[in-house]
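Participant:
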Amino acid sequence: MKKIVQLGRIVGKKPGRRGANHLQRVQLRREKRKTWAQDFGRSLDLKKVVWTLLMVAILGCLGYGSWKGYRAYHDGRILTVNRIEVSGNHHWETSRLLEQAGLEVGSKMPGVSVRSARSELLQLPGIHEVSVHRSLDGGLRVEVQEEDVLALRHTDAWEGLTPSGAWMPLRAAENDVPVIDGAMTPQDAAALAVFLSGARAQYPQLFGSFSQINVRSQDEADIFWRDGRVRVRLDYTNKSLNSLEFLQALLVREKDSWNDGSTVDLRVEGYAYVL
-9 MKKIVQLGRI VGKKPGRRGA NHLQRVQLRR EKRKTWAQDF GRSLDLKKVV WTLLMVAILG
51 CLGYGSWKGY RAYHDGRILT VNRIEVSGNH HWETSRLLEQ AGLEVGSKMP GVSVRSARSE
111 LLQLPGIHEV SVHRSLDGGL RVEVQEEDVL ALRHTDAWEG LTPSGAWMPL RAAENDVPVI
171 DGAMTPQDAA ALAVFLSGAR AQYPQLFGSF SQINVRSQDE ADIFWRDGRV RVRLDYTNKS
231 LNSLEFLQAL LVREKDSWND GSTVDLRVEG YAYVL
């Protein structure tokens, strides 16, 4: 390489000037790149690109959220029954009601049929009305309405005779209703339930005196008073309750003259025989 000495310094040779053809080629390439970029920009719709990218992002989030939701559902963290509240059951055990309804903590909420649970509970004796409610936080609320208890009997456990004639299992005996002694068919129980319902509604003072009911036959029963002074024999299939109306007036007028343990026979309507 040739060197030029200038003012005591050694400098390299100055580069030669580029030719005109080279400069034209460079300029032409620049113009082509610029033209290609403009054409590409015009060929794309910016809004479509933005919406496409946005939809991809949304779908990605939904997919991730769905997967996390599925894992939480599978692991029992969401859409799972985490508590069950039962109210209104004074006689039925809560565990027995839940067993009948097929409800348990840990069940998948989508698999819980409110209609089926209600239908199953209404099949139990003494259950008059049922409502089942679900909450978004995984709770179930079961509300039952039991029938009233008209009388008791004891087999293996205490049972209560309801107005519908069904025998409902009881947690414990009640003190303000009479105890039934003697075997009864379902038809007898239904007839006696109608009689006792009417007696309690129309003659509450008489009903409150009933202590024990001894079923003698399909239509006759002896009712013992709580004070032990009177036993009333009557036809409990008489839905008119005329015998009780007659008995109420008779007790006011003549009870004090009867011997303790007297039997008042009211099987013939309109007549009373004191034995």
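According to this note's numbering, the sequence shown holds residues -9 to 265 in order.
Every residue, glycine too, gets a C-beta built ideally from N, C-alpha and C.
Note that the coordinates shown come from a computational prediction; the quantities given were computed from them, not determined experimentally.
(1) Where does Leu231 sit, in a helix, a strand or coil, going by DSSP?
(2) What residue ranges within the region 179 to 219 form continuous alpha helix (DSSP H) runs of no fewer than 4 residues, ordered along the chain?
(3) Taking the alpha carbon of Thr227 as the point to measure from, which residue in Val254, Glu259, Phe214, Glu164 has its own alpha carbon closest?
(4) Please report the distance separating the alpha-carbon of Val264 from that of Leu182.
(5) In this structure, does DSSP put Asp250 in helix, strand or coil?
(6) In this structure, how does DSSP classify Pro159 when only helix, strand and coil are distinguished?
(7) If you draw a straight line from the C-alpha of Ile117 to the C-alpha of Val134, how long is it?
(8) Tell me, please, whether the region 96 to 108 touches the region 153 to 160 by the rule of three or more beta-carbon pairs shorter than 8 angstroms.
(9) Residues in the same chain with beta-carbon distance under 8 angstroms from Gln90, minus the five sequence neighbours each way, listed in chain order, please.
(10) Only counting runs of 4 or more residues, tell me where the alpha helix (DSSP H) segments fall wholly within the region 65 to 111, in order along the chain.
(11) Near Val120, what residues of its chain come up, given a Cβ to Cβ distance below 6 angstroms and the 5 sequence neighbours on each side ignored?
(12) Taking the straight line between their C-alpha atoms, what separation do you get for Ala279 and Pro153?
(13) Is the distance from the Cβ of Met99 to the Cβ of Val71 below 9 angstroms?
(14) Determine the closest residue to Asp171 out of Gln177, Pro194, Ser207, Leu87, with distance taken between C-alpha atoms.
(15) Around the C-beta of Pro194, are 16 or more other C-beta atoms found within 10 angstroms, so that it is buried, or is it exposed?
(16) Look up Tyr261 in the DSSP assignment and give the residues it is bridged to.
(17) Decide if Val95 is buried, meaning its Cβ has at least 16 other Cβ atoms within 10 Å, or exposed.
(18) Return the first residue and the last residue of the beta strand (DSSP E) that Leu277 is part of.
(19) When you compare the CB positions of Val169 and Arg143, do they come within less than 9 angstroms of one another, or not?
(20) Considering Cα atoms alone, identify which of Gln192, Asp255, Thr253, Ala239 is closest to Leu231.
(21) Does the separation of the CB atoms of Ala239 and Arg223 fall below 9 angstroms?
(22) Under the rule that 16 or more other beta-carbon atoms within 10 Å means buried, what is Met174, buried or exposed?
(23) Distance check for Glu149 and Ala163, CA to CA, integer angstroms please.
(24) Tell me which residues share the same chain as Lys245 and place their Cβ nearer than 8 angstroms to its Cβ, disregarding the 5 neighbours each side in the sequence.
(25) Is it buried or exposed, His80, if we count other Cβ atoms within 10 angstroms and call 16 or more buried?
(26) Going by DSSP, which residues form a beta bridge with Glu136?
(27) Excluding the 5 residues flanking Leu256 on each side, which residues of the same chain have their C-beta closer than 7 angstroms to its C-beta?
Facilitator: According to the structure data:
(1) Of the three classes helix, strand and coil, the one that applies to Leu231 here is coil, per DSSP.
(2) Given a length threshold of 4 residues, each whole run of the alpha helix (DSSP H) inside the region 179 to 219 is given here in chain order: 194 to 199.
(3) Looking from the CA of Thr227, the closest CA among Val254, Glu259, Phe214, Glu164 belongs to Glu259.
(4) Their backbone Cα atoms lie some 23 angstroms apart in a straight line.
(5) Coil, per DSSP.
(6) Strand at Pro159.
(7) For Ile117 and Val134, the gap between their C-alpha atoms comes out near 7 angstroms.
(8) Of all C-beta pairs linking the region 96 to 108 to the region 153 to 160, fewer than three are shorter than 8 angstroms, placing the two stretches out of contact.
(9) If the five residues before and after Gln90 are omitted, its C-beta is found closer than 8 angstroms to the C-beta atoms of Glu110, Leu111, Gln113, Leu114, all from its own chain and listed in chain order.
(10) Complete alpha helix (DSSP H) runs here, min 4: 84 to 91.
(11) Same-chain partners within the cutoff: Arg108, Leu111, Leu112, Val134.
(12) Nothing in the structure corresponds to residue 279, since the chain is present only between -9 and 265.
(13) Yes; because the gap between Cβ atoms is below 9 angstroms, this pair is in contact.
(14) The residue with the shortest Cα to Cα distance from Asp171 is Ser207.
(15) Classification for Pro194: exposed.
(16) None; Tyr261 has no bridge partner.
(17) Exposed, by the Cβ-count rule.
(18) Missing from the structure shown is residue 277; the chain here goes from -9 to 265 and no further.
(19) A contact, by the Cβ cut-off of 9 angstroms.
(20) When only C-alpha atoms are compared, the closest one is Gln192.
(21) The Cβ atoms of Ala239 and Arg223 do not sit closer than 9 angstroms to each other.
(22) Buried, because 16 or more other Cβ atoms sit within 10 Å of the Cβ of Met174.
(23) Whole-angstrom Cα-Cα distance: 8 angstroms.
(24) Answer for Lys245: Arg219, Val220, listed in chain order.
(25) Exposed, since its Cβ has fewer than 16 Cβ neighbours within 10 Å.
(26) Paired residues: Ile117.
(27) Correct list, in chain order: Val222, Arg223, Leu224, Ser233, Phe236, Leu237, Ala262.
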